[in-house]
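Chemist: Here it is, the structure in full.
Numbering (my numbering), first residue to last: 22 to 600.
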């Protein structure tokens, strides 16, 4: 099927198809591998950038953790803090002792909050006393100390027995403006028994400044977590899919790195790193859909560039192909014109291989035409020589003298029929010779027919009648001589002579553009044309047909149609003038 379709295509279309396949396949592979390479590069860049950002965030967070731990140790080992938390609540001078140490404690806390930008709040408390220091405010918490024991983070802090603990700010209502809280059990430096609780709140704004490297990753969500729960989430409510997850499901999601599909329309790239010296993990969750959109847009750009490249390539291929096949098409037109008898003078580029073949073909055609012309001339000259030989066998002077003697003898014996026939024969003989000229006017050709009819009437008397119709203005046009008389003779001998009552011969001559159309029609006995080929109908008709084709070409000559019992018609087509 494909082979048949290819065979039906022109050479130009085959060239274009070959060019298209030559360009499309490599261009398709190029676009595919370029896109895959670009996609891999973009993914690797995202992976590397995410890892670099997380490493920088981890260093910042680790520095903050260590610094908070050091700050906690400073507070815990402060003598004033130890003293204020060690006052016996049953002592008579309890309040005086608190006031004597509280000012120094406040100065310490003010100094720390001013020098540690990340500290938002510091709380000191035990069952009897509590003091909170904010960035710009210090006050006692007006609350039943027993209620502190009801806080969720309290038990874990007590169980840590002096080791620092971290909690999300939502763990206590007094630290909601902070992002994380650090708790530590304060123990007596001498006796090591518990004295109270230290809480340090990390300022939200300052902490988020520590995460500034995440700005390099658009829309990336940073989550700091541990097995016990989420410590920090940079966008807890912006990602509806993550916020709707159950905690176990979320942890499973965070613990595995890679590209995760949460729904048909949402994909995320997840990367986690551990925080040194802690049980924390820092995870970056980056929406992958925007990256996929960028990839798709890049693919569309690649395809557009490929399409434009293909169009330009096909256009160039079309121009080159057209230039190549134009020579072949010109050669084809030249051959087609030869079939119809028209010859176009063309010349091909001799530097082109096909052009050289075309020039050589034209040379061969022209030489063949010259040979054919010479052959026709030779045949014509041969027939002319035969005619001249026949004519030379008759002595014109002798014939004219003999016909003149017959004429006068007929006049002396009072035989007008013989004298008329002699004059007609003499006139016919003179017109047929035509002073050796090859062409004769239509007028003289008709005179020859009239002389011939005059002679035939001696035999057939009034049984023959000739009707002549000639278009006005063409009597003096020249045609090949000796055309009408043989056709009229043929009409008499093969048609009318066999009828007792004779017949009518109609001669019509008219002009159609550059051609002369002659019709010789009789109402004789007719014949079956399929039984008798036209060339075999008689030597005279065949001779006329051969001479007309020799003079005017294959499109000219004689055609005979006949119907038994109705008559015969001879159609003659020739040119008004010989080229």
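Ideal placement from N, C-alpha and C gives every residue a C-beta, glycine not left out.
Give the C-beta separation of residue 174 and residue 142 to the nearest angstrom, bearing in mind that I take them to be a contact with Cβ-Cβ under 8 Å.
Modeler: Here the question's residue 174 lines up with position 153 in the chain shown. Here the question's residue 142 lines up with position 121 in the chain shown. That pair is no contact at about 14 Å.
Chemist: Relative to the C-alpha of residue 484, which candidate in 505, 299, 500 and 521 has its C-alpha closest?
Modeler: Locating residue 484 in the chain shown gives position 463, where the first residue counts as 1. Nearest option by C-alpha distance: 521.
Chemist: Check whether the stretch 124–140 touches the stretch 174–191, taking contact to mean three or more Cβ pairs, one atom from each stretch, closer than 8 Å.
Modeler: no
Chemist: Just the Cα atoms here: how many angstroms apart are residue 368 and residue 380?
Modeler: Indexing the chain shown from 1 puts residue 368 at position 347. Indexing the chain shown from 1 puts residue 380 at position 359. Whole-angstrom Cα-Cα distance: 7 Å.
Chemist: Could you tell me which uninterrupted alpha helix (DSSP H) segments, each at least 4 residues in length, are contained entirely in the stretch 260–320, listed from first to last along the chain?
Modeler: 261–264 and 268–276
Chemist: Could you give the distance in angstroms between the alpha-carbon of residue 287 and the alpha-carbon of residue 184?
Modeler: As a working mapping, residue 287 is identified with position 266 in the chain shown. As a working mapping, residue 184 is identified with position 163 in the chain shown. The alpha-carbon atoms of residue 287 and residue 184 are separated by roughly 42 Å.
Chemist: What is the DSSP secondary structure of residue 150, reduced to helix, strand or coil?
Modeler: For this step, residue 150 is matched to residue 129 along the chain shown. Looking at residue 150 - three-state DSSP - the assignment turns out to be coil, as it is neither helix nor strand.
Chemist: Between the Cα of residue 250 and the Cα atoms of 241, 273 and 474, which residue gives the shortest distance?
Modeler: Reading the chain shown from its first residue, position 229 is the one you call residue 250. Looking only at 241, 273 and 474, the smallest Cα-Cα distance to residue 250 is reached by 273.
Chemist: Kindly give me the distance between the Cβ atoms of residue 546 and residue 500, rounded to whole angstroms, as I take these residues to be in contact under 8 Å.
Modeler: Stepping through the chain shown from its first residue, residue 546 is reached at position 525. Stepping through the chain shown from its first residue, residue 500 is reached at position 479. The Cβ separation is near 29 Å, so there is no contact.
Chemist: Residue 101 by DSSP, collapsed to three states: which one?
Modeler: Within the chain shown, the letter at position 80 stands for residue 101. Residue 101 falls in the helix class under three-state DSSP.
Chemist: Run through the DSSP bridge pairs and tell me what residue 203 is partnered with.
Modeler: For this step, residue 203 is matched to residue 182 along the chain shown. The partner list for residue 203 (beta bridge, DSSP) reads 187 and 221.
Chemist: Which of the three DSSP states, helix, strand or coil, is assigned to residue 596?
Modeler: As a working mapping, residue 596 is identified with position 575 in the chain shown. Correct three-state label for residue 596: strand.
Chemist: Have a look at residue 527 and residue 344 and give me their C-alpha separation to the nearest angstrom.
Modeler: Here residue 527 corresponds to residue number 506 of the chain shown, with the count starting at 1. Here residue 344 corresponds to residue number 323 of the chain shown, with the count starting at 1. Each residue's Cα considered, the two are about 60 Å apart.
Chemist: Ignoring anything shorter than 3 residues or poking outside the stretch 562–598, list the beta strand (DSSP E) runs there in chain order.
Modeler: 578–584 and 588–596
Chemist: Do residue 118 and residue 104 count as a contact pair if the criterion is CB distance below 9 Å?
Modeler: The residue given as residue 104 occupies position 83 in the chain shown. The residue given as residue 118 occupies position 97 in the chain shown. Yes, the Cβ-Cβ distance between residue 104 and residue 118 is below 9 Å.
Chemist: Give a yes or no on whether the C-beta atoms belonging to residue 481 and residue 538 are separated by under 9 Å.
Modeler: Numbered from its first residue, the chain shown carries residue 481 at position 460. Numbered from its first residue, the chain shown carries residue 538 at position 517. Cβ distance not < 9 Å, so residue 481 and residue 538 don't count as in contact.
Chemist: Taking the alpha carbon of residue 597 as the point to measure from, which residue in 311, 569 and 470 has its own alpha carbon closest?
Modeler: The count along the chain shown starts at 1 and reaches residue 597 at position 576. Per the Cα distances, 569.
Chemist: Please classify residue 199: is it buried, with 16 or more other beta-carbons within 10 angstroms of its beta-carbon, or exposed?
Modeler: If you number the chain shown from 1, residue 199 lands on position 178. Residue 199 should be labelled buried.
Chemist: Rounding to the nearest angstrom, what Cα-Cα distance links residue 248 and residue 300 in this structure?
Modeler: Looking up residue 248 in the chain shown gives position 227. Looking up residue 300 in the chain shown gives position 279. Between residue 248 and residue 300, the C-alpha separation is close to 8 Å.
Chemist: Would you check whether the ligand NAP has a heavy atom nearer than 8 Å to the C-beta of residue 66?
Modeler: The ligand content of the structure shown is nil, which means the ligand NAP is not present either.
Chemist: Within the same chain, show all residues whose beta-carbon is closer than 8 Å to that of residue 548, passing over the 5 residues directly before and after it, in chain order.
Modeler: For this step, residue 548 is matched to residue 527 along the chain shown. Correct list, in chain order: 515, 583, 585 and 589.
Chemist: Counting Cβ pairs, one atom from each stretch, are 3 or more of them under 8 Å apart for the stretch 314–325 and the stretch 88–102?
Modeler: no
Chemist: Residues in its own chain within less than 8 Å of residue 375 by CB, not counting five upstream and five downstream?
Modeler: Working through the chain shown from its first residue, we reach residue 375 at position 354. These residues qualify, in order along the chain: 345, 348, 349, 352 and 369.
Chemist: To the nearest whole angstrom, what separates the beta carbons of residue 145 and residue 217, a pair I think is in contact under 8 Å?
Modeler: Walking along the chain shown from the start, residue 145 turns up at place 124. Walking along the chain shown from the start, residue 217 turns up at place 196. Indeed, because the Cβ distance is near 6 Å, the residues count as touching under 8 Å.
Chemist: Please list, in chain order, all residues of the same chain as residue 296 whose beta carbon is under 8 Å from its beta carbon, the five residues on each side excluded.
Modeler: Within the chain shown, the letter at position 275 stands for residue 296. Within the same chain, residue 296 has close Cβ partners 79, 82, 83, 86, 245, 302 and 303.
Chemist: Under DSSP, the alpha helix (DSSP H) around residue 476 begins and ends at which residues?
Modeler: In the chain shown, the residue the question calls residue 476 occupies position 455. Looking at the DSSP string, the run of the alpha helix (DSSP H) that includes residue 476 is 463–481.
Chemist: Tell me the rounded alpha-carbon separation between residue 533 and residue 594.
Modeler: Counted from its first residue, the chain shown places residue 533 at position 512. Counted from its first residue, the chain shown places residue 594 at position 573. Roughly 10 Å between the two C-alpha positions.
Chemist: Indicate the three-state DSSP secondary structure (helix, strand or coil) for residue 166 in the structure shown.
Modeler: Taking the first residue of the chain shown as position 1, residue 166 is located at position 145. Residue placement at residue 166 is poorly supported in this model, since its pLDDT is 45, which falls under 50; the coordinates still yield a value, given next. Looking at residue 166 - three-state DSSP - the assignment turns out to be helix.
Chemist: Taking just the CA atoms, how far does residue 358 sit from residue 587?
Modeler: Taking the first residue of the chain shown as 1, we reach residue 587 at position 566. Taking the first residue of the chain shown as 1, we reach residue 358 at position 337. Residue 587 and residue 358: Cα-Cα distance of roughly 42 Å.
Chemist: Note the first and the last residue of the continuous beta strand (DSSP E) segment covering residue 490.
Modeler: Against the chain shown, residue 490 aligns to sequence position 469. Element bounds for residue 490: 485–491.
Chemist: Tell me whether residue 226 sits in a helix, a strand or coil according to DSSP, three-state version.
Modeler: Here the question's residue 226 lines up with position 205 in the chain shown. Helix at residue 226.
Chemist: Looking only at its chain, what residues have a beta carbon closer than 7 Å to the beta carbon of residue 210, apart from the 5 residues adjacent to it on each side?
Modeler: As a first step, residue 210 is located in the chain shown; it is residue number 189 there, counting from the start. Closer than 7 Å at the Cβ level, and outside the excluded window around residue 210, lie 98 and 103.
Chemist: Please list, in chain order, all residues of the same chain as residue 552 whose beta carbon is under 8 Å from its beta carbon, the five residues on each side excluded.
Modeler: As a position in the chain shown, residue 552 is number 531, starting the count at 1. Here the model assigns residue 552 a pLDDT of 49, short of 50, so the residue's position is not dependable and the matter cannot be decided.
Chemist: Looking only at C-alpha atoms, which of 333, 393, 188 and 67 sits nearest to residue 306?
Modeler: The count along the chain shown starts at 1 and reaches residue 306 at position 285. Taking only the C-alpha atoms, the option nearest residue 306 is 67.
Chemist: Residue 495: which of 513, 465 and 231 sits nearest, CA to CA?
Modeler: Residue mapping note: residue 495 aligns to position 474 of the chain shown, counting from 1. For residue 495, the nearest C-alpha among the options comes from 465.
Chemist: Chain C beta carbons: is any one of them nearer than 9 Å to that of residue 521?
Modeler: Absent from the structure is chain C; it holds one protein chain and no more.
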